[in-house]
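Visitor:
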Amino acid sequence: MASREYNIQYQRADAADKKGDACWHPIEAMPLDEVKKLQERKLVEQMAYLKERSSFYQKKFADAGVSFDEICTVEDLQKLPFTYKTEIRESLNAKPPFGLHLAADRKDIVQMQASSGTTGSPSYVALTQNDAEMWHEMNARCFFASGIRPGDMSLHGFAMAKGFVGGVPITQSMQYMGAIDIPIGADGGADRLLRAAADLRPRVLAAAPNFAIFLGEKAVDILGVEAKTLGIEVVLVGGEPGGGIPAIRQRIEEVWGAKCCEMLGGTDMGVAYWGECEEQSGMHMVGPDYIITELLNPETEEVIPFADGAEGELIYTAVGREANPLVRFRSGDHVEVRGTTCACGRTGPKVRCIGRTDDMLIIRGANVFPSAIQSVITDMVPETNGVMRVLADFEGHTSQRALKVIVERGQGRSPDQDVALKQSIETHLRNSLVFKADVRIVDPDTFEKPGAVKVALTLREYPDLPDAPK
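If you're matching positions, the sequence shown starts at 0 in numbering that gives the first Met the number 0 and goes up one per residue.
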């Protein structure tokens, strides 16, 4: 993984030739035994690189009593300790800007990116040229799986500001695969985005799911026409829960008259590396040559197979990464496996993200994800407005009390019906998710509309609402 000289290229040389291919890269449809052989060859190379270049992992492996030379197979990874988000933050604080876990020379760093910072301070990630190309390649595979093709125009509805990976890297990766990104961003506002859609007629909209709905619903007010008339055929969503929630997905498709596909990733490993194909039955791991993925039972911390119906947390080990490589990184993404085969021919397992492990609340012994509550509330439109917030006004993630949930009533619904609506929602939540809720009904549009930042479904303090009980 030595550095080398580069010529700047915005687009992969053979991008246009891939337009009629079944997959962006052959590895997506490669038999899993062949994938594993490739992964293990690259794993040995990555361990040798870390042994030479990473003081962070030299200490971590020594403390665990494990040698780099012992790690030769995917199964050998289970000998190693996990890497936690808190360790990365401590590493960044100990040695700014890129942490003790920086394993490349500063002169070889060509780019930095940052997480959205919704769960704390942003993670700042360094990239060498090889790393940046790896990010673009994985993103291109996700885009291609969702039906985006070289030559397509894509309206950029993720935030372009704050160094967030949904910004510049998405633009660069669209260019890399031969698509044309319209780099306005959510921060450019609904008016500018919708007018660009009307003027340029892009085939693709890429945005967070809640913002995609908001943007589509504003079309009549801003343009005088419905969003479904603007020519969008693919809505690519990610960055927050919602794309895998049936009611939210259905609303996106209704508003835009387009197919909705989801992607999943994370700044520490890339932008997106789980991509949903046009079968729309789950997201495939499309970057197995760059990331080895384990499925962890978070209660027992045992690795379990990617079998249909299995649930667990995704654990990632980078292979081929130079600047900020991570080993057995606990992503916090809790997923359900939705299949191990697919008509599209991709061999990576299909998953849906249920929620984040660090967002999960335990209410009287029941595991509750805020995104699951959102799914129930969205299913109750038009009685509700589909908008809710969980109020976790207690220490930690566990409570023996009923969980407070704030829900916007549906547009045009009378407050006189709030008592009955409260009871109905509480019953639905108890029957669907097996926990007791204490629901408060508020006016439509109480909460700020989705914009350039992710929607935070969990609040730790009661919001400043009119006549709000504390």
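Note that CB positions come from ideal geometry on N, CA and C, so glycine has one too.
Could you spell out the range, first to last residue, of the beta strand (DSSP E) harbouring N366?
Guide: Position 367 of the sequence shown, counting from 1, holds the residue named residue 366. Unbroken beta strand (DSSP E) run through N366: 365 to 367.
Visitor: What does the Cβ neighbour count give for G470, buried or exposed, with the cut at 16 atoms within 10 Å?
Guide: Nothing about residue 470 can be reported from this structure: the residues present for the chain run from 0 to 469 only.
Visitor: Which residue comes first and which comes last in the alpha helix (DSSP H) that contains V418?
Guide: Walking along the sequence shown from the start, residue 418 turns up at place 419. From DSSP, the alpha helix (DSSP H) with V418 extends over 417 to 432.
Visitor: Out of D16, E261, P80, E51, point me to the one whose CA is closest to E300's CA.
Guide: For this step, residue 300 is matched to residue 301 along the sequence shown. Residue P80 is the option with its Cα nearest to E300.
Visitor: Are L222 and L193 close, meaning C-beta to C-beta below 8 Å?
Guide: Taking the first residue of the sequence shown as position 1, residue 222 is located at position 223. Taking the first residue of the sequence shown as position 1, residue 193 is located at position 194. The answer is yes: Cβ separation under 8 Å.
Visitor: Considering just the uninterrupted stretch of the beta strand (DSSP E) at L402, what are its terminal residues?
Guide: Stepping through the sequence shown from its first residue, residue 402 is reached at position 403. Per DSSP, L402 belongs to the beta strand (DSSP E) from 402 to 408.
Visitor: Measuring only the C-alpha atoms, how far is R345 from T445?
Guide: To locate residue 345, count along the sequence shown from 1; it is residue 346. To locate residue 445, count along the sequence shown from 1; it is residue 446. In a straight line, the C-alpha of R345 is about 43 Å away from that of T445.
Visitor: Quick test of your reading: L76 and E293, contact by CB under 8 Å. State the CB separation rounded to the nearest angstrom.
Guide: Stepping through the sequence shown from its first residue, residue 76 is reached at position 77. Stepping through the sequence shown from its first residue, residue 293 is reached at position 294. Indeed they touch by this definition, with Cβ atoms about 7 Å apart.
Visitor: Kindly list the residues whose CB is nearer than 6 Å to the CB of A207, restricted to its own chain and excluding five residues on each side of it in sequence; keep chain order.
Guide: Sequence index remark: in the sequence shown, residue 207 carries index 208 (1-based). If we look at A207 and ignore the five residues flanking it on each side, its Cβ neighbours are G238, E239.
Visitor: Under DSSP, the beta strand (DSSP E) around I70 begins and ends at which residues?
Guide: Looking up residue 70 in the sequence shown gives position 71. Counting along the chain, I70 falls outside any beta strand (DSSP E), and DSSP gives it neither H nor E.
Visitor: Is there a Cβ of chain C sitting closer than 8 Å to that of R140, yes or no?
Guide: Among the chains in the structure shown there is no chain C, since it carries only a single protein chain.
Visitor: At what residues does the alpha helix (DSSP H) containing M137 begin and finish?
Guide: Here residue 137 corresponds to residue number 138 of the sequence shown, with the count starting at 1. Note, M137: alpha helix (DSSP H), 128 to 144.
Visitor: Do you know offhand how far E460's Cα is from A185's?
Guide: Locating residue 460 in the sequence shown gives position 461, counting from the first residue. Locating residue 185 in the sequence shown gives position 186, counting from the first residue. Going from the Cα of E460 to the Cα of A185 covers about 27 Å.
Visitor: Buried or exposed for E69, going by 16 or more other Cβ atoms inside 10 Å?
Guide: As a working mapping, residue 69 is identified with position 70 in the sequence shown. That one is exposed.
Visitor: If you reduce the DSSP assignment to three classes, tell me which class D180 lands in.
Guide: Counted from its first residue, the sequence shown places residue 180 at position 181. Residue state, collapsed to three classes: strand.
Visitor: So, are the CB atoms of V336 and D307 less than 8 Å apart?
Guide: Numbered from 1 along the sequence shown, position 337 holds the residue referred to as residue 336. Numbered from 1 along the sequence shown, position 308 holds the residue referred to as residue 307. It is a contact, given that the beta carbons lie within the stated cut-off.
Visitor: With DSSP as the reference, label V302 as helix, strand or coil.
Guide: Numbered from its first residue, the sequence shown carries residue 302 at position 303. Correct three-state label for V302: strand.
Visitor: Could you check what DSSP says for G411 in three-state terms: helix, strand or coil?
Guide: Stepping through the sequence shown from its first residue, residue 411 is reached at position 412. Coil.
Visitor: List, from N- to C-terminal side, the alpha helix (DSSP H) runs of 4 residues or more that fit wholly inside the segment 284 to 335.
Guide: If we require 4 residues or more, the segment 284 to 335 turns out to have no alpha helix (DSSP H) run fully inside it.
Visitor: Can you tell me whether M262 is helix, strand or coil according to DSSP?
Guide: Working through the sequence shown from its first residue, we reach residue 262 at position 263. Of the three classes helix, strand and coil, the one that applies to M262 here is strand, per DSSP.
Visitor: Among the candidates T339, F157, K227, K435, whose CA atom is the shortest distance from the CA of N209?
Guide: Within the sequence shown, numbered from 1, the residue matching residue 209 stands at position 210. It is F157.
Visitor: Could you tell me the distance, in whole angstroms, from the CA atom of F143 to the CA atom of S398?
Guide: Residue numbering aside, residue 143 sits at position 144 when the sequence shown is read from its first letter. Residue numbering aside, residue 398 sits at position 399 when the sequence shown is read from its first letter. C-alpha separation (whole angstroms): 43 Å.
Visitor: DSSP has D437 in a bridge; who is on the other side?
Guide: To locate residue 437, count along the sequence shown from 1; it is residue 438. Looking at the DSSP assignment, D437 forms a beta bridge with K403.
Visitor: Between D332 and R355, how many whole angstroms is the CB-CB distance? I'm expecting something under 8 Å.
Guide: Position 333 of the sequence shown, counted from the start, is the residue given in the question as residue 332. Position 356 of the sequence shown, counted from the start, is the residue given in the question as residue 355. At roughly 6 Å, the Cβ-Cβ gap stays under 8 Å, so D332 and R355 are in contact.
Visitor: For the beta strand (DSSP E) containing Q112, list its first residue and its last residue.
Guide: By 1-based counting over the sequence shown, the position of residue 112 is 113. First-last of the beta strand (DSSP E) with Q112: 108 to 113.
Visitor: Pairing CB atoms from the segment 146 to 154 with CB atoms from the segment 103 to 112, are three or more of them under 8 Å?
Guide: No, they do not touch.
Visitor: I need the boundaries of the beta strand (DSSP E) containing G274, first residue and last residue.
Guide: As a position in the sequence shown, residue 274 is number 275, starting the count at 1. Looking at the DSSP string, the run of the beta strand (DSSP E) that includes G274 is 273 to 275.
Visitor: Consult DSSP for A481 and reduce its assignment to one of helix, strand or coil.
Guide: Because the chain spans 0 through 469 in this model, residue 481 falls outside it and cannot be assessed.
Visitor: Taking R429 as the reference, give the member of A365, R388, A455 with the closest Cα.
Guide: Residue mapping note: residue 429 aligns to position 430 of the sequence shown, counting from 1. Cα-wise, what sits closest to R429 is A365.
Visitor: Cα separation between K469 and I424?
Guide: Start at 1 with the first residue of the sequence shown, and residue 469 comes out as number 470. Start at 1 with the first residue of the sequence shown, and residue 424 comes out as number 425. Here the model assigns K469 a pLDDT of 41, short of 50, so the residue's position is not dependable and the matter cannot be decided.
Visitor: Within its chain, find whatever has a CB closer than 7 Å to the CB of A467; leave out the 5 residues flanking it on each side and keep chain order.
Guide: Here residue 467 refers to the residue found at position 468 when the sequence shown is read from its first residue. Bear in mind that the predicted position of A467 carries a pLDDT of just 45, short of 50, making it too unreliable to give a figure here.
Visitor: On the DSSP letters alone, give me the boundaries of the beta strand (DSSP E) that R345 sits inside.
Guide: Position 346 of the sequence shown, counted from the first residue, corresponds to residue 345. Here R345 belongs to no beta strand (DSSP E), and DSSP marks it neither H nor E.
Visitor: Given a cut-off of 8 Å, decide if V350 and M282 are closer than it, judged by their beta-carbon atoms.
Guide: Looking up residue 282 in the sequence shown gives position 283. Looking up residue 350 in the sequence shown gives position 351. Yes, Cβ-Cβ distance for M282 and V350 is below 8 Å.
Visitor: Quickly, what does DSSP pair M379 with across the bridge? List them, please.
Guide: By one-based count along the sequence shown, residue 379 stands at place 380. DSSP output for M379 lists no bridge partner at all.
Visitor: Tell me the DSSP bridge mates of S398?
Guide: Locating residue 398 in the sequence shown gives position 399, counting from the first residue. Per DSSP, I362.
Visitor: Using alpha carbons as the reference points, say which of A14, E27, K17 lies closest to A342.
Guide: Translated into the one-based positions of the sequence shown, residue 342 becomes position 343. Ranking A14, E27, K17 by Cα distance to A342 puts E27 first.
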